[in-house]
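Asker:
2 protein chains.
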Amino acid sequence: MNTPRAGWVDGLQFCNWSRKSFEHMRTAGLSAVHATVAYHEGLRPTLDRIVAWNWRFRDHADLIVPGRNAADLMRALSSGRTAIILGLQNPLPIEDDLGLVTVLHELGIRVMQLTYNNQSLLGCGWQEAEDSGLTRMGREVIAEMNRLGMLIDLSHAGERTALEAIAASKRPMAVTHATPAFWRAGRRQVSETLMRALADRGGMLGLSLYPHHLRDGSATTLAAFCEMAARAAEIVGIRHLGIGSDLCLDQPDSVLAWMREGKWTRATEPVRFPAQPGWFEDCRGFLNLADGLRAAGFAAEDVEAVLGTNWQRFFRAAFRAEGA
Amino acid sequence: MNTPRAGWVDGLQFCNWSRKSFEHMRTAGLSAVHATVAYHEGLRPTLDRIVAWNWRFRDHADLIVPGRNAADLMRALSSGRTAIILGLQNPLPIEDDLGLVTVLHELGIRVMQLTYNNQSLLGCGWQEAEDSGLTRMGREVIAEMNRLGMLIDLSHAGERTALEAIAASKRPMAVTHATPAFWRAGRRQVSETLMRALADRGGMLGLSLYPHHLRDGSATTLAAFCEMAARAAEIVGIRHLGIGSDLCLDQPDSVLAWMREGKWTRATEPVRFPAQPGWFEDCRGFLNLADGLRAAGFAAEDVEAVLGTNWQRFFRAAFRAEGA
Numbered sequence: 000m001n002t003p004r005a006g007w008v009d010g011l012q013f014c015n016w017s018r019k020s021f022e023h024m025r026t027a028g029l030s031a032v033h034a035t036v037a038y039h040e041g042l043r044p045t046l047d048r049i050v051a052w053n054w055r056f057r058d059h060a061d062l063i064v065p066g067r068n069a070a071d072l073m074r075a076l077s078s079g080r081t082a083i084i085l086g087l088q089n090p091l092p093i094e095d096d097l098g099l100v101t102v103l104h105e106l107g108i109r110v111m112q113l114t115y116n117n118q119s120l121l122g123c124g125w126q127e128a129e130d131s132g133l134t135r136m137g138r139e140v141i142a143e144m145n146r147l148g149m150l151i152d153l154s155h156a157g158e159r160t161a162l163e164a165i166a167a168s169k170r171p172m173a174v175t176h177a178t179p180a181f182w183r184a185g186r187r188q189v190s191e192t193l194m195r196a197l198a199d200r201g202g203m204l205g206l207s208l209y210p211h212h213l214r215d216g217s218a219t220t221l222a223a224f225c226e227m228a229a230r231a232a233e234i235v236g237i238r239h240l241g242i243g244s245d246l247c248l249d250q251p252d253s254v255l256a257w258m259r260e261g262k263w264t265r266a267t268e269p270v271r272f273p274a275q276p277g278w279f280e281d282c283r284g285f286l287n288l289a290d291g292l293r294a295a296g297f298a299a300e301d302v303e304a305v306l307g308t309n310w311q312r313f314f315r316a317a318f319r320a321e322g323a
Numbered sequence: 000m001n002t003p004r005a006g007w008v009d010g011l012q013f014c015n016w017s018r019k020s021f022e023h024m025r026t027a028g029l030s031a032v033h034a035t036v037a038y039h040e041g042l043r044p045t046l047d048r049i050v051a052w053n054w055r056f057r058d059h060a061d062l063i064v065p066g067r068n069a070a071d072l073m074r075a076l077s078s079g080r081t082a083i084i085l086g087l088q089n090p091l092p093i094e095d096d097l098g099l100v101t102v103l104h105e106l107g108i109r110v111m112q113l114t115y116n117n118q119s120l121l122g123c124g125w126q127e128a129e130d131s132g133l134t135r136m137g138r139e140v141i142a143e144m145n146r147l148g149m150l151i152d153l154s155h156a157g158e159r160t161a162l163e164a165i166a167a168s169k170r171p172m173a174v175t176h177a178t179p180a181f182w183r184a185g186r187r188q189v190s191e192t193l194m195r196a197l198a199d200r201g202g203m204l205g206l207s208l209y210p211h212h213l214r215d216g217s218a219t220t221l222a223a224f225c226e227m228a229a230r231a232a233e234i235v236g237i238r239h240l241g242i243g244s245d246l247c248l249d250q251p252d253s254v255l256a257w258m259r260e261g262k263w264t265r266a267t268e269p270v271r272f273p274a275q276p277g278w279f280e281d282c283r284g285f286l287n288l289a290d291g292l293r294a295a296g297f298a299a300e301d302v303e304a305v306l307g308t309n310w311q312r313f314f315r316a317a318f319r320a321e322g323a
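Residue numbers (numbering that gives the first Met the number 0), protein chains in the order written: chain Z, 0 to 323; chain Y, 0 to 323.
Dropping the structure here:
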């Protein structure tokens, strides 16, 4: 049995946010959570999502604080609250306007994916047949995100786009939520090539707990997950590994349809959220992960590194403006 | 002949901004200018205007800086640049969403009118037949602006709305650009009642140089304007008087039509911008105002107060968040 720690971090969640979500974060000892604000939303609905977060920060100020910079992250830690880092899984809200990167940054967005499954104005997602790599606007947006201190998230990107983005960026990037392809084959998962390229530039890989990313889906055991984590740590280095649970709790299945189809297509069959493994039904599963990682041979300080201190260190640096 | 001062302030301009505009500000010795971002624009086009300002701040960083707080205003003064304070003459961009006040504040908006000529969701403008006063949402928005440190501008308001707003606000307000009704009759001008109510609560009146606000239009003399200023100072007190030139330079007449008609009506006759008086053709006219005010009997320190130090002191306090 673990005592909740104050310094653990979840590299991505998209729950149907309520006071319960934030209470679970506290019970799990999460000092920071990267929360997805938008999938297929354009700028205007994204502003509504941001407004909703601003009210949550006021209504639940005893549990959560905005996580915009190192000072915020440390304030959350020292006051026993969870810093919420706002992120976009799709660059749709910037439309084709480089100036909207600054607008979204000023509104608190600190993470943005270049692509979400599909081809975007910036590059290509993993589901297209052909990934033609980073576009001209993609390079401009990377430079702007580098300048502002907005983290580039390569989750859901095509491999060529991801590798070209890593080469183009002056600052480290992250794959906030994915699992390695050596464990579960598929283009949504990350190859060893990408893992090494990411880590070589100081980047982070957040291991996902979403069943479709797990080797045996909902039936995957804690031991199997932690063995995979040990192998991943050998590839990227222990300092470059974290957790990005991809928890989507208390959401109706229509939200899964929205994530997959947005407005660009119509579903051909109903979709359902898979059941979480019993040892990670919500973020309180971090306590089980601590046990599992120790059982898989992780030293105590490495457990802390993977469950929190790596993301803490990484985010604090990532959100600094260039030259600040 | 006057040496340009570093501390003068223009309480409102809406020019067709170019490097020339900013060079004139420097020549005029303006340390701060409140610049209108939107008239009848909704949220989305207002974001485009804000993006355009963000690029101007980068492209002309040797001449202008964003003016968001006291530190910015002092930085502009000490570095010989002009702080640009962004404001809205209409609350349309907040739609009916209280949360958008914070969004616009985070994007740099520091001044907002409750109404622009017409009835709004918050209250009533001066051109409606009947002003039914401040609405329920109007009271909410005032409280939110008070909390954030966003200045409430009562220019273009109906008198009842303006007086009720002053009573509802915990913080001083401004009429950034108008002239007194004792000098030129009309509901766009401010009554002695409103002038006294504004000043009693620590508010500011910015005297307009827009010809339709001047007693004799474009033919108004500098001496007549400065005599009016002396009488206004007697009513509001010397510490509550400033300049808000309402300069709209280098704009096509279509912009005047936009200001008047927006999209809510169609013009019945063509409109034209009136010619500025010869002694205030652009903001370099501040140098003539200094001469004129002295000639009208203003003491040297009172000239400085009206041309700049009053707005400087007022804005520095107005942009502080409540409790900060």
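By construction, the Cβ of each residue, glycine as well, lies at the ideal position given by its N, Cα and C atoms.
#1: What is the DSSP secondary structure of aspartate 245 of chain Y, counted as helix, strand or coil?
#2: Measure from the alpha carbon of arginine 238 of chain Z to the alpha carbon of each residue in Z/Ala228, Z/Arg265, Z/Thr114, Z/Ser244, then state which is nearest.
#3: Please compile the residues from chain Y whose C-beta is within a distance smaller than 7 angstroms of the C-beta of aspartate 96 of chain Z.
#4: Taking the runs of the beta strand (DSSP E) that are 3 residues or longer, which of them lie wholly in the region 121 to 189 of chain Y?
#5: Taking the alpha-carbon positions, what's the alanine 298 of chain Z to isoleucine 141 of chain Y distance?
#6: Regarding alanine 60 of chain Y and the ligand ATP, is the C-beta to nearest heavy atom distance less than 7 angstroms?
#7: According to DSSP, simplified to helix, strand and coil, what is alanine 295 of chain Z?
#8: Measure the C-alpha to C-alpha separation of threonine 81 of chain Z and glycine 66 of chain Z and round it to an integer number of angstroms.
#9: For the beta strand (DSSP E) containing valine 8 of chain Y, list its first residue and its last residue.
#10: Rounded C-beta distance between leucine 204 of chain Y and leucine 162 of chain Y? I'm assuming under 8 angstroms.
#11: Which residues mark the beginning and the end of the beta strand (DSSP E) in which alanine 34 of chain Z is found?
#12: Given 8 angstroms as the limit, is there contact between the region 32 to 45 of chain Y and the region 79 to 93 of chain Y, that is, 3 or more CB pairs closer than that?
#13: From arginine 319 of chain Y to arginine 146 of chain Y, what distance separates their C-alpha atoms?
#14: Are three or more beta carbon pairs between the region 278 to 294 of chain Z and the region 49 to 63 of chain Z nearer than 8 angstroms?
#15: Does the CB of tryptophan 16 of chain Y have a neighbour CB from chain Z at under 8 angstroms?
#16: Just checking: is the beta-carbon of arginine 43 of chain Y within a distance shorter than 8 angstroms of some beta-carbon in chain Z?
#17: Give the DSSP-derived three-state secondary structure of alanine 274 of chain Z in the structure shown.
#18: Pull up the distance between the alpha-carbon of alanine 27 of chain Z and that of tyrosine 115 of chain Z, whole angstroms please.
#19: DSSP three-state label for arginine 74 of chain Y, please.
#20: Would leucine 147 of chain Y pass as an interface residue toward chain Z - the criterion being a Cβ-Cβ separation below 8 angstroms?
#21: By the DSSP assignment, the alpha helix (DSSP H) with arginine 43 of chain Z in it spans what residues?
#22: In terms of residues, what are the limits of the beta strand (DSSP E) holding arginine 109 of chain Z?
#23: Going by DSSP, which residues form a beta bridge with proline 65 of chain Z?
#24: Quick one: which residues of the region 100 to 119 of chain Z get their C-beta closer than 8 angstroms to a C-beta of chain Y? List them in chain order.
#25: If you check the beta carbons only, do serine 244 of chain Z and serine 207 of chain Z fall under 8 angstroms apart?
#26: Could you run through the region 53 to 77 of chain Z and flag, in chain order, every residue whose CB is less than 8 angstroms away from some CB of chain Y?
#27: Comparing the C-beta of leucine 46 of chain Z with each C-beta of chain Y, is any distance below 8 angstroms?
#28: For leucine 255 of chain Z, does the three-state DSSP call read helix, strand or coil?
#29: Is glycine 205 of chain Y helix, strand or coil when you go by DSSP?
#30: To the nearest angstrom, how far is the alpha carbon of aspartate 47 of chain Y from that of threonine 308 of chain Y?
#31: Using beta-carbon positions only, say whether glutamine 275 of chain Z and valine 8 of chain Z come within less than 8 angstroms of one another.
#32: Need the endpoints of the alpha helix (DSSP H) that glycine 236 of chain Z sits in, please.
#33: Based on the DSSP secondary-structure assignment, which residues constitute the bridge partners of leucine 240 of chain Z?
#34: For alanine 177 of chain Y, which residues from the same chain have a beta carbon less than 8 angstroms from its beta carbon, with the 5 sequence-adjacent residues on both sides left out?
#35: Hey, how far is the Cα of valine 235 of chain Z from the Cα of phenylalanine 56 of chain Z?
#36: For a quick check, are the C-beta atoms of glutamate 143 of chain Y and valine 100 of chain Y less than 8 angstroms apart?
Answerer: Let me spell this out:
#1: Within the second sequence, the letter at position 246 stands for residue 245 of chain Y. When DSSP states are grouped into helix, strand and coil, aspartate 245 of chain Y belongs to the coil group.
#2: Translated into the one-based positions of the first sequence, residue 238 of chain Z becomes position 239. Its Cα nearest to that of arginine 238 of chain Z, the residue Z/Ala228 stands out among Z/Ala228, Z/Arg265, Z/Thr114, Z/Ser244.
#3: Numbered from its first residue, the first sequence carries residue 96 of chain Z at position 97. In chain order: Val50.
#4: Those beta strand (DSSP E) runs which fall completely within the region 121 to 189 of chain Y and span 3+ residues are 150 to 152, 173 to 177.
#5: Against the first sequence, residue 298 of chain Z aligns to sequence position 299. Against the second sequence, residue 141 of chain Y aligns to sequence position 142. Looking at the two C-alpha atoms, the distance is approximately 56 angstroms.
#6: What this structure holds is no ligand at all, so the ligand ATP is not there to describe.
#7: Here residue 295 of chain Z refers to the residue found at position 296 of the first sequence. In the structure shown, alanine 295 of chain Z sits in coil (DSSP, three-state: anything other than H, G, I, E or B).
#8: Position 82 of the first sequence, counted from the start, is the residue given in the question as residue 81 of chain Z. Position 67 of the first sequence, counted from the start, is the residue given in the question as residue 66 of chain Z. Rounded to whole angstroms, threonine 81 of chain Z to glycine 66 of chain Z spans 8 angstroms at the Cα level.
#9: Sequence index remark: in the second sequence, residue 8 of chain Y carries index 9 (1-based). According to the DSSP assignment, valine 8 of chain Y belongs to the beta strand (DSSP E) that extends over 7 to 12.
#10: Taking the first residue of the second sequence as 1, we reach residue 204 of chain Y at position 205. Taking the first residue of the second sequence as 1, we reach residue 162 of chain Y at position 163. Not really, about 14 angstroms apart at Cβ, beyond 8 angstroms.
#11: Within the first sequence, residue 34 of chain Z is the residue found at index 35, counting from 1. That run of the beta strand (DSSP E) goes 29 to 37.
#12: Using a Cβ-Cβ distance cut-off of 8 angstroms, the region 32 to 45 of chain Y and the region 79 to 93 of chain Y are in contact, since at least three pairs of beta carbons, one from each stretch, lie closer than that value.
#13: Here residue 319 of chain Y refers to the residue found at position 320 of the second sequence. Here residue 146 of chain Y refers to the residue found at position 147 of the second sequence. Distance between the alpha carbons of arginine 319 of chain Y and arginine 146 of chain Y is about 9 angstroms.
#14: No: the two stretches stay apart, fewer than three of their Cβ pairs being nearer than 8 angstroms.
#15: Position 17 of the second sequence holds residue 16 of chain Y. Closer than 8 angstroms: no.
#16: By one-based count along the second sequence, residue 43 of chain Y stands at place 44. Answer yes: the Cβ-Cβ gap between arginine 43 of chain Y and chain Z drops below 8 angstroms somewhere.
#17: Here residue 274 of chain Z is taken as the residue at index 275 of the first sequence, counted from 1. It is coil, neither helix nor strand.
#18: Taking the first sequence and counting its residues from 1, the one referred to as residue 27 of chain Z is at position 28. Taking the first sequence and counting its residues from 1, the one referred to as residue 115 of chain Z is at position 116. C-alpha separation (whole angstroms): 29 angstroms.
#19: Locating residue 74 of chain Y in the second sequence gives position 75, counting from the first residue. Of the three classes helix, strand and coil, the one that applies to arginine 74 of chain Y here is helix, per DSSP.
#20: The sequence position of residue 147 of chain Y within the second sequence is 148, counting from 1. In terms of beta-carbon proximity, leucine 147 of chain Y stays away from the interface with chain Z, with every pair separated by 8 angstroms or more.
#21: Taking the first sequence and counting its residues from 1, the one referred to as residue 43 of chain Z is at position 44. Per DSSP, arginine 43 of chain Z belongs to the alpha helix (DSSP H) from 42 to 58.
#22: Against the first sequence, residue 109 of chain Z aligns to sequence position 110. From DSSP, the beta strand (DSSP E) with arginine 109 of chain Z extends over 108 to 112.
#23: Here residue 65 of chain Z is taken as the residue at index 66 of the first sequence, counted from 1. Per the DSSP secondary-structure output, proline 65 of chain Z pairs in a beta bridge with Z/Ile83.
#24: Of all residues in the region 100 to 119 of chain Z, the ones placed with a Cβ closer than 8 angstroms to any Cβ belonging to chain Y are Thr101, Val102, Glu105, Leu106, Gly107, in chain order.
#25: Sequence index remark: in the first sequence, residue 244 of chain Z carries index 245 (1-based). Sequence index remark: in the first sequence, residue 207 of chain Z carries index 208 (1-based). Going by C-beta atoms, serine 244 of chain Z is nearer than 8 angstroms to serine 207 of chain Z.
#26: Answer set for the region 53 to 77 of chain Z: Asn53, Trp54.
#27: As a first step, residue 46 of chain Z must be located in the first sequence, where it is residue number 47. It does; some Cβ of chain Y falls within 8 angstroms.
#28: Taking the first residue of the first sequence as 1, we reach residue 255 of chain Z at position 256. Of the three classes helix, strand and coil, the one that applies to leucine 255 of chain Z here is helix, per DSSP.
#29: On the second sequence, position 206 is the one that residue 205 of chain Y refers to. Three-state result, glycine 205 of chain Y: strand.
#30: By one-based count along the second sequence, residue 47 of chain Y stands at place 48. By one-based count along the second sequence, residue 308 of chain Y stands at place 309. Each residue's Cα considered, the two are about 32 angstroms apart.
#31: As a position in the first sequence, residue 275 of chain Z is number 276, starting the count at 1. As a position in the first sequence, residue 8 of chain Z is number 9, starting the count at 1. Taking the C-beta atoms as reference points, valine 8 of chain Z is found no nearer than 8 angstroms to glutamine 275 of chain Z.
#32: Mapped onto the first sequence, residue 236 of chain Z falls at position 237. That residue, glycine 236 of chain Z, is in no alpha helix (DSSP H); it is neither H nor E in DSSP.
#33: Here residue 240 of chain Z refers to the residue found at position 241 when the first sequence is read from its first residue. Beta-bridge pairing links leucine 240 of chain Z to Z/Leu204.
#34: Here residue 177 of chain Y is taken as the residue at index 178 of the second sequence, counted from 1. Excluding sequence neighbours, alanine 177 of chain Y sits near Ser154, Arg187, Gln188, Val189, Leu204, Gly205, Leu206, Ser207, His212, Gly243.
#35: Locating residue 235 of chain Z in the first sequence gives position 236, counting from the first residue. Locating residue 56 of chain Z in the first sequence gives position 57, counting from the first residue. In a straight line, the C-alpha of valine 235 of chain Z is about 35 angstroms away from that of phenylalanine 56 of chain Z.
#36: For the purposes of this step, residue 143 of chain Y is identified with residue 144 of the second sequence, where counting begins at 1. For the purposes of this step, residue 100 of chain Y is identified with residue 101 of the second sequence, where counting begins at 1. At a Cβ-Cβ threshold of 8 angstroms, glutamate 143 of chain Y and valine 100 of chain Y count as neighbours.
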